[in-house]
Structures are given as C-alpha cells and as structure tokens.
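Below is one structure, written out as structure tokens; comments come after it.
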Amino acid sequence: MTLLDITELKTYYRADDGWVRATDDVSLSIDRGETVGLVGESGSGKTTLAKSIIRLLPDNAEVVDGSIDFDGTEVTELSNRELRKQIRWSEISMIPQNAMNGFDPVYTVGEQIVEVITYHEDTSKAEARERARTLFDDLGVDPDRVDDYPHQFSGGMAQRAMIALALALSPSLVLADEPTTALDVVIQDRILETIKELQEELNSAMIMITHDMSVVSETCDRIAVVYGGRIVEIADAETIIMNPRHPYTLGLRNAFPDISDDDQELISIPGTPPDLVDPDDGCRFAPRCPFAEEECWEVTPEPESYGDGHAVECHRADEIEHLQEEAGKKETWVEQDLGRSEEIEPSPPEEVELDD
Amino acid sequence: MGLRAYVARRILQLIVTFWAFFTLLFVLFRMMPGDPTSMFIMDGMTPEQREQRIAELGLDQPLYVQYVEYARQLLTGDFGQSFIYRDPVIDIIVVRFMNTIVLMGTALVIAYLIGITFGAIMGWWRDSRFERGGIVVTLIARSSPEFWVGIVLLSVFAFWLGWFPSSGMRTTGGELGGGFVARYGSADFLRHLFLPALTGAIVYLATPTLLMRSTMLDVLNADFIEIKKAEGLPERTVLYKHAARNSILPIVTVMAIATGAAMGGSVVIETVFNWPGMGREMVNAVNNNDYPLAMAAFFLMGSVVIIMNFIADLTYVYLDPRVEYE
Ligand code: SF4
Numbered sequence: 001m002t003l004l005d006i007t008e009l010k011t012y013y014r015a016d017d018g019w020v021r022a023t024d025d026v027s028l029s030i031d032r033g034e035t036v037g038l039v040g041e042s043g044s045g046k047t048t049l050a051k052s053i054i055r056l057l058p059d060n061a062e063v064v065d066g067s068i069d070f071d072g073t074e075v076t077e078l079s080n081r082e083l084r085k086q087i088r089w090s091e092i093s094m095i096p097q098n099a100m101n102g103f104d105p106v107y108t109v110g111e112q113i114v115e116v117i118t119y120h121e122d123t124s125k126a127e128a129r130e131r132a133r134t135l136f137d138d139l140g141v142d143p144d145r146v147d148d149y150p151h152q153f154s155g156g157m158a159q160r161a162m163i164a165l166a167l168a169l170s171p172s173l174v175l176a177d178e179p180t181t182a183l184d185v186v187i188q189d190r191i192l193e194t195i196k197e198l199q200e201e202l203n204s205a206m207i208m209i210t211h212d213m214s215v216v217s218e219t220c221d222r223i224a225v226v227y228g229g230r231i232v233e234i235a236d237a238e239t240i241i242m243n244p245r246h247p248y249t250l251g252l253r254n255a256f257p258d259i260s261d262d263d264q265e266l267i268s269i270p271g272t273p274p275d276l277v278d279p280d281d282g283c284r285f286a287p288r289c290p291f292a293e294e295e296c297w298e299v300t301p302e303p304e305s306y307g308d309g310h311a312v313e314c315h316r317a318d319e320i321e322h323l324q325e326e327a328g329k330k331e332t333w334v335e336q337d338l339g340r341s342e343e344i345e346p347s348p349p350e351e352v353e354l355d356d
Numbered sequence: 001m002g003l004r005a006y007v008a009r010r011i012l013q014l015i016v017t018f019w020a021f022f023t024l025l026f027v028l029f030r031m032m033p034g035d036p037t038s039m040f041i042m043d044g045m046t047p048e049q050r051e052q053r054i055a056e057l058g059l060d061q062p063l064y065v066q067y068v069e070y071a072r073q074l075l076t077g078d079f080g081q082s083f084i085y086r087d088p089v090i091d092i093i094v095v096r097f098m099n100t101i102v103l104m105g106t107a108l109v110i111a112y113l114i115g116i117t118f119g120a121i122m123g124w125w126r127d128s129r130f131e132r133g134g135i136v137v138t139l140i141a142r143s144s145p146e147f148w149v150g151i152v153l154l155s156v157f158a159f160w161l162g163w164f165p166s167s168g169m170r171t172t173g174g175e176l177g178g179g180f181v182a183r184y185g186s187a188d189f190l191r192h193l194f195l196p197a198l199t200g201a202i203v204y205l206a207t208p209t210l211l212m213r214s215t216m217l218d219v220l221n222a223d224f225i226e227i228k229k230a231e232g233l234p235e236r237t238v239l240y241k242h243a244a245r246n247s248i249l250p251i252v253t254v255m256a257i258a259t260g261a262a263m264g265g266s267v268v269i270e271t272v273f274n275w276p277g278m279g280r281e282m283v284n285a286v287n288n289n290d291y292p293l294a295m296a297a298f299f300l301m302g303s304v305v306i307i308m309n310f311i312a313d314l315t316y317v318y319l320d321p322r323v324e325y326e
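If you're matching them up, the sequences are chains C and E in order.
According to the UniProt record's numbering, the first sequence is numbered sequentially starting from 1.
According to the UniProt record's numbering, the second sequence is numbered sequentially starting from 1.
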C-alpha cells in the first residue's frame, strides 16, 4: 500500500544567477513499512528531496512544481499549522546526521522526548517519561539515562537516543539522513540493525539518505541513485548492487568496498557534481561519464523501465554488458578530457550552498 | 566534581579575590600623591595639633598595625568620618549607594529585558525589515551620548509635555518616608525615577540587543533547531524555549560586568538629572580630598563587581549543564 507518492517534484533554490535545480522532476513512491535508500554525492539533491517531504527547506528554497501525496494528504498545500499538527513528527520524523547536535544541549534528553510526546498527544508527563524509558530500553540504553544531558552521551549512545526521539510517536515514515556516518563501523552496524528491528516492529517506512553504498545495500528494500537533482536509477537493492545499468551507479559501486570481495580495488569517479543553475539539455552526468556520446550532450535522457520497478535515465542503458565490464576497469575512470569534442568546457560551476 | 564542591571552591575564590582587592586598596590609598598625612591636616594647625591629629588617625603606627586596623574597620563597616560632611561616611555612602542601585538597577532591568527579547526576535527574523530597522535603531541608541539622550528626554517629557519632573529624586517639601518601600516605592519617587532610568536604559540597550542577535544567528544554525521545527513544535516554543534559551548564555557574563560597572553610578546621568548617586559623590570626594569617603566608595563598587562576577558564574552553571566544574 502506497504511503508516500512524490510526482514530478521540483524544489529549486534561488541564486543570484537563476534557479538551482536541487530536485528536478523527481517521482518516487514508497510503501508502508518499506525502506528506500537515497544514494548520491553531497550536493546531489538527496537531502533537499527528503526535506521537501516535511517542508523543512531553507528560506531561499521553494517547491516550484509537483506533488507530494502523503497518505492521501497533499503536503505541499497544507498550512503551516496543519503541517505541524498532522505531519511533523507524528507522521514523519527524522534522524539527523549528528545526533549529538540534534538535541538541545540545555535540556535533558528525556525532557526533550517528553516535550514532543506531550505536545502531540494527550499524554501526561509521567506516561511520556515512561515511554521514553521503554524506548531507551528497547534501543539498548540504560533507561535511567533519560535524565542525562546530551553532552553526557557517547556518539553511539546519542544516536540511539535520537532514534528513540524519532520513534516516540510511532511515525509512518522516518527520514534518516546519514544516521551512522559519524560513528565507527562496529557501532554503525549495530545501530543499523536496531533501527531495522524497531522499524519493522512499528511498520514504519524509512528513507535512508547516504553517500555510502554499503549502508544502503544492507538496510534498504529499494535504492534510488540521485545525481544532479534527478533519480538516475532506481530498483530493488539487489539489482542496484548486482546489476546496475547507469554508469553513475556503476561508478558509485566501485567507490565502496564490497564485503564479499577482498581484493577489489576502490575506484573513485573523477570530477565534481554538476552546476545545477539552469542546466542545459543533455545528461547531467555527461561531463564525468566515460561512456558519454554525442547524443548524451544534447538530449536529456528520460527514465526507461527495465521491469520490476527498475528504471534508468541513460541513453546507453541497453548496452549493459559492455558498460558493466568496462566500468570495472580502473582505466575507464581516469580523469580524461571528457568534454565534448568541438566545444570548450563551460566555466566551472559557481559554488552554490545546497542544504546537504 | 560535584556542584556543591564547585560552589564551595568558588566561594573560597571569592574570599581570596576580596582580600586581594582590599589590600590593593590599602596600598593605593597610602601611595596617593603627597605625604598621606598632609591630606588630613588642616592649614593653620599648630605642630602640636598636627601631632595629635596624626596620632588620632593612627598614622604614626607601623604599617602592619595600620593594615590590621584598616581591615577591622572595613569589616565592621566603619569607614570613619567624612572630612566635608563631618558625618560618618557609612551614613552618607549607604544612601547614595541605594539611590544608584535603584536608578541603575531599573535601567539595567529595562535594557536587558527589552534587549534580549528584541535581539532574539531580530535574529529569528533574519534579513527582515524588522531586523534591519532594529539594527539601525540600536546603533543610534548606542552612539548617542548619554548627556544628549538625557537632555532630549528632559526637553520633551519634562519641559515640553510636563509629564515628569526635571530633577532630583522627590518633590521638595514632600514627606521623606522612613522605610525602604516608602522611600523608593512612592508614586512621587517613581515619577522622578522615570526619565533618568529611561536614559540609562537607552544607553545600555545596545549591548544585550546586538549580542543576543548575533548569538541567535549562531544558535539558529544548530542542528537541534531544525529538529525542533521538524518536531512540529510551535514557532514560539522553538524561538523562546530553545533558540533564545541557548542564546542567553553569553549575556549572563556581560550582564554581570555591566551591572558591576553601573553600580559606580553614572556621573553624566546624575548630573543631568541632579540625582544624588554614587557617581557624583565619588567625583566630589576625590576633588575635595575627602579621603575616607572616596575610599568607602571605591570599596563598595569593587565589592559589587566581585560579587556580581560570582553570581554570574553560579548562574552560568545553573543555565548551562555543559559547564565542567573542573
Ligand atoms: S546518458 Fe550518456 S552521459 Fe549520461 S550516463 Fe548515460 S552514457 Fe553517460
């Protein structure tokens, strides 16, 4: 059953020289209880996409077009008050990248969990506190620590407390923005497991935002690869990991260690994310793509379906065997003159602060 | 280290600072230009009278005896006799000091209440017309000279509109009540207090406003503010309970310092409004070589600064759980 249905969403940032198309024509739908990964480099627009869903965008950002249907409610049309009462935290909560900074330092963690519970629900403080303690217990944190201040927690502990906060109202959707990048690997794994367990228990859906392929491969049902403000490839997790068709996905896969392959060589994608201020037609990955052809520079690729919800935006997605084979070689990705033959490269992109 | 141990240590520190301060004061006053005895000797005294006076003041004793005597006197609140008023210093100074506390205290409370609220809203509505206008108003207030603000207020509210009296603390001929409340709580007194307190408030307003605004801008960038918004809490809660609450921390220290300084009174405000406070009294005392009075004034003011810093430290610990009691 569909919980969230995003259609042709365009979230732009105003810049001095035009619109920064941080999310450009994105469609994505998520079922109840499902976990979807949004993978991409910083500046790809993945965080903007997530924040559009609870309208937590900076002042210079605007949803210019498209719709966000959350469980039958059009989020883009809600008043601020309706948004606060009906959507925020009670239905959609979030886990920030650095949990330590996600808590107000001058109140105890317990006070902050109680604050949000009692604001949204007709619950007494004592009951809310009891719930916070139970959540702590479920997450493997000593319940007595609800009375501690955020700075008294270790990184992993703070992250668990943040998960407790995020799940306090049993939301239908949790937006997790790089929830474990600040932690070391062992703790990372354990926390991801805990998130999964609780999420399944509550039947909450989750959007996991990350630049790390290995995180999504372990936790997500489906993965959407985001590049230049667009979802360039989406499929179930296994397909994205084992059988991707988009050159960018292939490149991303190279850049992260594969647990099953010991002597795999890590290869990174040369170049930087594209300038999203009023981009020209053509594939946005073309300047960095080792497989770019004439057509790629002129025609923006449309999503092409490859069955089972697998969609790819690439002109050469049909040549999957060739692409996969070449993409595994290091020579393919060395920085080369990838610009169009007859034209000089456009001036380097202006630095625009995206909210990722 | 627990809170109690921290407070105990801080009290010990307070005592040591206090001792250092009053020893310094002793040394300073004995290093005053000229022979210390000359200040106490009236012209036209015979040498015998002179000797007698010096002995009376204990100035023929060795320095350490003088020091012990000095400590004993200060601790018992005995500051000696004023040369000018011929009254015990303590009687003169306590009244002046209370007058100043009431005036400057009122000014500071108004300035900090308005400044903190105003600054918080300015930071919250960043880049709005409110913020820009607020900065301009604040900067004007900050760069206006004290006497000018006072004179403008006087001209408008006292001379032109006639709403408030132009000088002094009470209407001449009015009953002077005995108790503190009768003295400082009467309607007549409050009417006299209004203009000088407002002048002080305007002068003090800029610091808390600008500081609050800039700290707010920092705090609003913090991740937790975004989380509080995502939690669906009303804007008011996020603004006051979280953003402003965090931004107020640096203000505490500044406020303590400002209060300490303000207790010296403002010579300018006291002169413009003819307010019998510490500032003018101290200038008079120094000009007239009224050694005991000046000494007592310095002692009181220094003590207030030390105590205010102590209070600020304790308040800070109370307000910010992150403070380590190292
Ligand atoms: S469309 Fe062309 S440039 Fe873009 S990813 Fe595919 S092959 Fe590369």
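By construction, the Cβ of each residue, glycine as well, lies at the ideal position given by its N, Cα and C atoms.
- For Y248 (chain C), the shortest C-beta to heavy atom distance toward the ligand SF4 is below 7 Å.
- Annotated as proximal: A161 (chain C) and V141 (chain C), with beta-carbon spacing under 8 Å.
- Following the DSSP letters along the chain, one finds I30 (chain C) in no alpha helix (DSSP H) but inside the beta strand (DSSP E) bounded by residues 18–31.
- The beta carbon of I163 (chain C) sits no closer than 8 Å to any beta carbon of chain E.
- For E293 (chain C), the distance from the CB to the nearest heavy atom of the ligand SF4 is below 7 Å.
- Residue contact with chain E for I240 (chain C): absent (no Cβ-Cβ distance below 8 Å to any residue of chain E).
- For G232 (chain E), the closest C-alpha among the options C:P105, C:E74, C:E62, C:V116 is that of C:V116.
- Contact between L49 (chain C) and V26 (chain C) holds, with the beta-carbon distance rounding to 6 Å and staying under 8 Å.
- Residue nearest to L198 (chain E) within the set E:T106, E:Y64, E:A71 is E:T106 (criterion: CA-CA distance).
- A contact between stretches requires three or more CB pairs, one per stretch, nearer than 8 Å, and the stretch 60–77 of chain E fails this requirement with the stretch 261–272 of chain E.
- When DSSP states are grouped into helix, strand and coil, I54 (chain C) belongs to the coil group.
- Residue burial is scored here from C-beta neighbours: W89 (chain C) has at least 16 other C-beta atoms within 10 angstroms and is therefore classed as buried.
- Here P244 (chain C) has E233, L250, R253 as same chain residues with Cβ atoms under 7 Å from its own Cβ, once five neighbours each way along the sequence are excluded.
- Here DSSP, grouped into helix, strand and coil, assigns Q81 (chain E) to strand.
- For E91 (chain C), no alpha helix (DSSP H) run applies, since DSSP gives it neither H nor E.
- Closer than 9 Å at the C-beta level to chain E, one finds these residues of the stretch 54–65 of chain C: I54, L56, D59.
- Neighbours of P234 (chain E) in chain C, taken as residues at a C-beta separation under 9 Å, are given in chain order as R81, R84, Y119.
- Residue E:I90 holds the alpha-carbon nearest to the alpha-carbon of F298 (chain E) among E:I90, E:F159, E:I248.
- Taken from the Cβ of H310 (chain C), every heavy atom of the ligand SF4 lies 7 Å or farther away.
- In the DSSP annotation of this structure, the continuous segment of the alpha helix (DSSP H) that includes V109 (chain C) starts and ends at 109–120.
- V225 (chain C): member of the beta strand (DSSP E) spanning 222–227, first to last residue.
- With respect to chain E, the C-beta atom of H211 (chain C) has no partner C-beta closer than 8 Å.
- At least one beta carbon of chain E lies nearer than 8 Å to the beta carbon of V116 (chain C).
- Residue nearest to A168 (chain C) within the set C:T47, C:I68, C:E121, C:T219 is C:E121 (criterion: CA-CA distance).
- Take A166 (chain C), set aside five residues on each side of it, and the residues of its chain with a beta-carbon closer than 7 Å to its own are S93, M94, I95, V174, in chain order.
- A distance criterion of 7 Å places the beta-carbon of F285 (chain C) in contact range of the ligand SF4, judged by its closest non-hydrogen atom.
- Proximity of the beta carbon of P301 (chain C) to the ligand SF4 is indicated: a heavy atom of the ligand is located closer than 7 Å.
- DSSP, read as helix, strand or coil, puts A230 (chain E) in helix.
- Here L4 (chain C) has I30, F70 as same chain residues with Cβ atoms under 6 Å from its own Cβ, once five neighbours each way along the sequence are excluded.
- Distance from the Cα of E178 (chain C) is smallest, within the candidate group C:K85, C:P143, C:T219, C:S204, for C:T219.
- Remark: fewer than three beta-carbon pairs, one from each stretch, lie closer than 8 Å, so the stretch 120–134 of chain E and the stretch 185–203 of chain E are not flagged as touching.
- At a Cβ-Cβ threshold of 8 Å, A111 (chain E) and Y240 (chain E) do not count as neighbours.
- Contact between Y12 (chain C) and V64 (chain C) holds, with the beta-carbon distance rounding to 5 Å and staying under 8 Å.
- The C-beta separation of A176 (chain C) from L28 (chain C) comes to about 16 Å, leaving the pair out of contact by the 8 Å criterion.
- Contact of Y149 (chain C) with chain E by beta-carbon distance below 8 Å involves P321, R322.
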